[in-house]
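Student: Residue numbers (this note's numbering), protein chains in the order written: chain A, 1 to 379; chain B, 1001 to 1379.
C-beta atoms are modelled at their ideal positions from N, C-alpha and C, and glycine is treated no differently.
Since the model is a prediction, treat every value here as computed from it, not as a measurement.
2 protein chains.
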Amino acid sequence: MAILLAMGNFAFGQTTKAKEDFKPSSTNQQGKEFPQVNSEGRVRAQISAPEANKVQLDIGGVKYDMVKDDKGVWTGESAPQDVGFHYYQLNIDGASVPDPSSLYFYGASRWGSGIEIPSDDQDFFALKNVPHGVLREVQYFSKTSDKVRHAYIYTPPGYDKDNSKRYPVLYLQHGMGENETGWGSQGHTNLIMDNLIAEGKALPFIVVMENSSVKFERPREPRPAGGPMGGFDFAADFKNVLLNDLIPYVEANYRVIADPQHRAMAGLSMGGMQTRLITLGNPEVFSQVGMFSGGSISKEDIEKTPAFKQNVKLLFISYGSRELENPRGGGLGGDPKVNTQALKDAGMNTHFYVSPGTAHEWHSWRRSLYQFAQLAFKN
Amino acid sequence: MAILLAMGNFAFGQTTKAKEDFKPSSTNQQGKEFPQVNSEGRVRAQISAPEANKVQLDIGGVKYDMVKDDKGVWTGESAPQDVGFHYYQLNIDGASVPDPSSLYFYGASRWGSGIEIPSDDQDFFALKNVPHGVLREVQYFSKTSDKVRHAYIYTPPGYDKDNSKRYPVLYLQHGMGENETGWGSQGHTNLIMDNLIAEGKALPFIVVMENSSVKFERPREPRPAGGPMGGFDFAADFKNVLLNDLIPYVEANYRVIADPQHRAMAGLSMGGMQTRLITLGNPEVFSQVGMFSGGSISKEDIEKTPAFKQNVKLLFISYGSRELENPRGGGLGGDPKVNTQALKDAGMNTHFYVSPGTAHEWHSWRRSLYQFAQLAFKN
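Here you go:
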């Protein structure tokens, strides 16, 4: 028995060759020793499952076998992961479940486990003893949805102190399979903004985070074929919530500067595509536009919609570097770098940012917000 | 094989005798059909675990065996549960994990599954199209903890509209193994307050919800033996955070009426015991006191602390009826009904409330808040 166990551990060590400098992750539940991350970015998970036959760590689309010790505790680790935040789960005898030791985040259309791989630049969203804004959970009635909807609103430090001051607003969208909690949780929007404002790098502004997956909420008319994503018009329903319900609610209830010069829209992935469609379709509403891993805007687009070029004072396009390495990455609507350069040449204030060493994941989007927020409302 | 399965299903049906009117729970993740609850209050859970040998639903301290179908999906149900909210988990071949279909709540010292058993009176915390307050997530620096701490603050409808108006404040505490998220999540504090205010049944006031498990945060000096809970002085550390850091932060940053007449403290279970110790120890700070399933205050207490009787304008004590049936329930510091009557006789404005058909659980505490809020700040 002892020999078999020793062999098991040996084989386990040989397979993964992990550097033994694992530390508990910052996304663990309070007091939990696992999951851990080492300096190579490997994730080591652990769970007690004495009667199980097979337990796996499922992260980044790969399942890694875990190994049982003589107390029935399973331990196993992944290949090195990119820096930043990743969704993951455990698989116990065929059941895919959250890791009971991690905090939970909404993504991949579920509440489940997430883990943070430390990065050299993580200080930009660290919790510091600086003036803090407030993340507000609000309910408001939406005529479009015919129900009370739920959103988060970040108000910057000092918002409650000086009642004469009004602020610009950013409407900031999540990706497909995510919801209105993402930017305020794994996205760390409030800490990114607090830190930028404390350093004087960003103007203080309000950030509104709503759920843009409106199409899932109730049965809809069939959509015609064609258009982006094969006739799946994922912007139309949210456009109505945003323009007819959410913006009027925010402008009636928060001290915002209610004009296009002080109104921004940005989003990640599907939220970036929604930003593209909604701002191109309503160029009189927004002057600041950000698309994070969500396509780009071409010279042909602004030729078709000259008001967009005229009204938009900041256009920000970003991707993770690993998305651009992938031949499919960044391809939606043409090469984003080429498109961006063409708009620059055409005289638009256009910025292209590439997040180093990250893929279609939250660390790319946190960094994108960090960059975008420093540019916003300054033109 | 078919015969064995049929027998399995038959035995399963015989054992539980569940009424077949199950419906998805209100605490399910979006789009999930399970877990379900029937009109008897039974919980039926379901999970795919094709290779598992044994799967159980673990709720209310009892583990119920689930049964596998020919597709590897396990289904099983509990005995009838009391109305209201219960923490639960699944057990898969010895691993205790959250149900991937439920929403997650913090309790029992972990983030995990919870389920709502419908109650006749659940309308008092239903989401309605009434004016809504805001639940704010705030960070503030605490000298006591030497770190940035995290709290939730409910501001009532209209708080942001009329900048001349000031409000009373309730400091509202969770129980042991819970944290600052409980009252705003499974407790539905914001909806209880919104609905009461809309009906004119409660005065609008601010509610502050912090984490009172301060003792777990860093190593402490050993405590002397004796005192409530055998020398475990669970109020001392939180008292310092509350009196020296949190109240000053709230009074500097929110439009509150900063006097004892407009300052309340209440809490559930451990939070009720903390309320007892902190308000008895500092009778000049609070005028409104609520203890929900957390002991009571005796005639001897106020004889020792005459300032408590003099300053406290509302004392509210409550329990779930099932706690009082249990000989251990409500026993901390004497019979709460007898104690309450003695204080009434002594001339204190004292209320005793019993939540019908509920135990030491959230539905008792939601109802207690609903009652307490209607009495608070009216004397």
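Which residues in the same chain as residue 1350 of chain B place their Cβ atom closer than 6 Å to its Cβ, once the five residues preceding and following it in sequence are excluded?
Tutor: What you label residue 1350 of chain B is simply residue 350 of the second sequence in a count that begins at 1. Around residue 1350 of chain B: 1315, 1340, 1343 and 1344.
Student: Check distances from the C-beta atoms of the stretch 1031–1060 of chain B to those of chain A and list, in chain order, the residues that come in under 7 Å.
Tutor: So the close ones are 1047, 1048, 1049, 1050, 1051, 1052, 1053 and 1054.
Student: Across the stretch 242–252 of chain A and the stretch 181–201 of chain A, are there enough close Cβ pairs to call them in contact, namely three or more that are closer than 8 Å?
Tutor: Not touching, per the Cβ criterion.
Student: By Cβ distance below 6 Å, which residues in the same chain neighbour residue 17 of chain A in space, the five residues on each side in sequence not counted?
Tutor: Taking the first sequence and counting its residues from 1, one reaches residue 17 of chain A at position 17. Once the five neighbours on either side are set aside, residue 17 of chain A has no close Cβ partner at all.
Student: When you compare each of A:312, A:307 and A:336 to residue 320 of chain A by their alpha carbons, which one comes out closest?
Tutor: Numbered from its first residue, the first sequence carries residue 320 of chain A at position 320. Taking only the C-alpha atoms, the option nearest residue 320 of chain A is A:336.
Student: Between residue 110 of chain A and chain B, is the shortest Cβ-Cβ distance under 8 Å, so that the two count as touching?
Tutor: Counted from its first residue, the first sequence places residue 110 of chain A at position 110. Closer than 8 Å to some Cβ of chain B, the Cβ of residue 110 of chain A qualifies, so yes.
Student: I need the DSSP call for residue 175 of chain A, collapsed to helix, strand or coil.
Tutor: Within the first sequence, numbered from 1, the residue matching residue 175 of chain A stands at position 175. Residue state, collapsed to three classes: coil.
Student: Beta carbons nearer than 9 Å to chain A: which residues of the stretch 1136–1148 of chain B have them?
Tutor: Result list: 1136, 1137, 1138, 1139, 1140, 1141, 1147 and 1148.
Student: Does any C-beta atom of chain B lie closer than 8 Å to the C-beta of residue 96 of chain A?
Tutor: Here residue 96 of chain A corresponds to residue number 96 of the first sequence, with the count starting at 1. Chain B contact via Cβ: present.
Student: Return yes when the Cβ of residue 1152 of chain B is within less than 8 Å of the Cβ of residue 1116 of chain B, no when it is not.
Tutor: Looking up residue 1116 of chain B in the second sequence gives position 116. Looking up residue 1152 of chain B in the second sequence gives position 152. Taking 8 Å as the Cβ cut-off, residue 1116 of chain B and residue 1152 of chain B do not qualify as a contacting pair.
Student: Whole angstroms are fine: how far does the CA of residue 1083 of chain B sit from the CA of residue 130 of chain A?
Tutor: Residue numbering aside, residue 130 of chain A sits at position 130 when the first sequence is read from its first letter. Residue numbering aside, residue 1083 of chain B sits at position 83 when the second sequence is read from its first letter. The alpha-carbon atoms of residue 130 of chain A and residue 1083 of chain B are separated by roughly 44 Å.
Student: Between which residues of its own chain and residue 1019 of chain B is the CB-CB distance below 7 Å, once the five residues before and five after are set aside?
Tutor: Mapped onto the second sequence, residue 1019 of chain B falls at position 19. Here the set comprises 1038, 1039 and 1040.
Student: Exposed or buried, residue 1364 of chain B, counting other C-beta atoms within 10 Å across all chains shown (16 or more means buried)?
Tutor: By one-based count along the second sequence, residue 1364 of chain B stands at place 364. Residue 1364 of chain B should be labelled buried.
Student: Is the shortest distance between the beta-carbon of residue 1092 of chain B and the beta-carbons of chain A less than 8 Å?
Tutor: Numbered from its first residue, the second sequence carries residue 1092 of chain B at position 92. So yes, residue 1092 of chain B belongs to the interface.
Student: For residue 1304 of chain B, which three-state DSSP category applies?
Tutor: Position 304 of the second sequence, counted from the first residue, corresponds to residue 1304 of chain B. Three-state result, residue 1304 of chain B: helix.
Student: Give the range of the alpha helix (DSSP H) segment to which residue 1372 of chain B is assigned.
Tutor: For the purposes of this step, residue 1372 of chain B is taken as residue 372 along the second sequence, with counting starting at 1. Element bounds for residue 1372 of chain B: 1362–1375.
Student: Exposed or buried, what is residue 1058 of chain B when buried is set at 16 or more other beta-carbons lying within 10 Å of its beta-carbon?
Tutor: Counting from 1 along the second sequence, the entry for residue 1058 of chain B is found at position 58. Classification for residue 1058 of chain B: buried.
Student: Using C-beta distances below 8 Å, list every residue in its chain close to residue 279 of chain A, excluding the 5 sequence neighbours before and after it, in chain order.
Tutor: Translated into positions along the first sequence, residue 279 of chain A becomes position 279. For residue 279 of chain A, where only same-chain residues beyond five positions count, the Cβ hits under 8 Å are 265, 285, 286, 289, 308 and 312.
Student: Ignore the nearest five residues each way along the sequence and tell me which others in residue 1101 of chain B's own chain have a CB closer than 7 Å to its CB.
Tutor: Stepping through the second sequence from its first residue, residue 1101 of chain B is reached at position 101. Excluding sequence neighbours, residue 1101 of chain B sits near 1028, 1029, 1032, 1034 and 1035.
Student: How would you list, in chain order, the residues of chain A whose beta-carbon sits under 7 Å from the beta-carbon of residue 1104 of chain B?
Tutor: On the second sequence, residue 1104 of chain B is found 104 positions in, with the first residue counted as 1. Per Cβ cutoff of 7 Å: 104 and 111.
Student: At 8 Å on the CB atoms, spell out the chain A contacts of residue 1132 of chain B, in chain order.
Tutor: Along the second sequence, one-based indexing puts residue 1132 of chain B at 132. Simply 138, 139, 140 and 148.
Student: Give the residues of chain A in contact with residue 1129 of chain B, contact being defined as C-beta atoms less than 7 Å apart.
Tutor: The residue labelled residue 1129 of chain B in the question sits at position 129 within the second sequence. Simply 141 and 148.
Student: Kindly confirm or deny that the stretch 1154–1167 of chain B and the stretch 1194–1208 of chain B touch, where touching means at least three C-beta pairs closer than 8 Å.
Tutor: Yes, since at least three Cβ pairs between the stretch 1154–1167 of chain B and the stretch 1194–1208 of chain B fall closer than 8 Å, the two stretches touch.
Student: Which residues in the same chain have their Cβ closer than 8 Å to the Cβ of residue 1053 of chain B, if we skip the five residues on either side of it in sequence?
Tutor: On the second sequence, residue 1053 of chain B is found 53 positions in, with the first residue counted as 1. 1093, listed in sequence order.
Student: Compare the C-alpha of residue 255 of chain A against each of A:301, A:305 and A:168 and name the closest.
Tutor: The residue you call residue 255 of chain A lines up with position 255 of the first sequence. If we check each option's Cα against that of residue 255 of chain A, A:168 comes out closest.
Student: Buried or exposed: which applies to residue 1283 of chain B, given that a residue is buried once 16 or more other Cβ atoms fall within 10 Å of its Cβ?
Tutor: Taking the second sequence and counting its residues from 1, the one referred to as residue 1283 of chain B is at position 283. Label assigned to residue 1283 of chain B: buried.
Student: Note down the Cα distance separating residue 118 of chain A from residue 76 of chain A, rounded to an integer number of angstroms.
Tutor: Numbered from 1 along the first sequence, position 118 holds the residue referred to as residue 118 of chain A. Numbered from 1 along the first sequence, position 76 holds the residue referred to as residue 76 of chain A. Rounded to whole angstroms, residue 118 of chain A to residue 76 of chain A spans 19 Å at the Cα level.
Student: Can residue 1298 of chain B and residue 1268 of chain B be called in contact, C-beta distance under 8 Å?
Tutor: One-based indexing of the second sequence puts residue 1298 of chain B at position 298. One-based indexing of the second sequence puts residue 1268 of chain B at position 268. Cβ atoms of residue 1298 of chain B and residue 1268 of chain B: not closer than 8 Å.
Student: Closer than 9 Å by beta-carbon distance: list the chain B residues that pair up with residue 100 of chain A, in chain order.
Tutor: For the purposes of this step, residue 100 of chain A is taken as residue 100 along the first sequence, with counting starting at 1. Correct list: 1089, 1095, 1096, 1097, 1098, 1110, 1111 and 1112.
Student: Interface residues of chain B around residue 195 of chain A at Cβ under 7 Å?
Tutor: Indexing the first sequence from 1 puts residue 195 of chain A at position 195. Correct list: empty, because the minimum Cβ distance to chain B is about 12 Å.
Student: What's the C-alpha gap between residue 1305 of chain B and residue 1277 of chain B?
Tutor: Along the second sequence, read from residue 1 onward, the residue named residue 1305 of chain B stands at position 305. Along the second sequence, read from residue 1 onward, the residue named residue 1277 of chain B stands at position 277. Cα to Cα, the separation comes out at about 12 Å.
Student: Classify residue 134 of chain A: buried if its beta carbon has 16 or more other beta carbons within 10 angstroms, exposed otherwise.
Tutor: Position 134 of the first sequence holds residue 134 of chain A. So residue 134 of chain A ends up on the buried side.
Student: Name, please, each residue of chain B whose Cβ falls closer than 8 Å to the Cβ of residue 163 of chain A.
Tutor: On the first sequence, residue 163 of chain A is found 163 positions in, with the first residue counted as 1. The contacting residues are 1163.
Student: Quick one: which unbroken alpha helix (DSSP H) runs of 4-plus residues sit fully inside the stretch 1235–1269 of chain B? Chain order, please.
Tutor: Qualifying alpha helix (DSSP H) stretches, in chain order: 1236–1240 and 1247–1253.
Student: What is the DSSP secondary structure of residue 321 of chain A, counted as helix, strand or coil?
Tutor: Here the question's residue 321 of chain A lines up with position 321 in the first sequence. Here residue 321 of chain A sits in helix by DSSP.
Student: Pop quiz: residue 107 of chain A and residue 182 of chain A are said to be a contact at Cβ under 8 Å. What is the actual Cβ separation, rounded to whole angstroms?
Tutor: Residue mapping note: residue 107 of chain A aligns to position 107 of the first sequence, counting from 1. Residue mapping note: residue 182 of chain A aligns to position 182 of the first sequence, counting from 1. With a Cβ gap of about 7 Å, residue 107 of chain A and residue 182 of chain A count as contacting.
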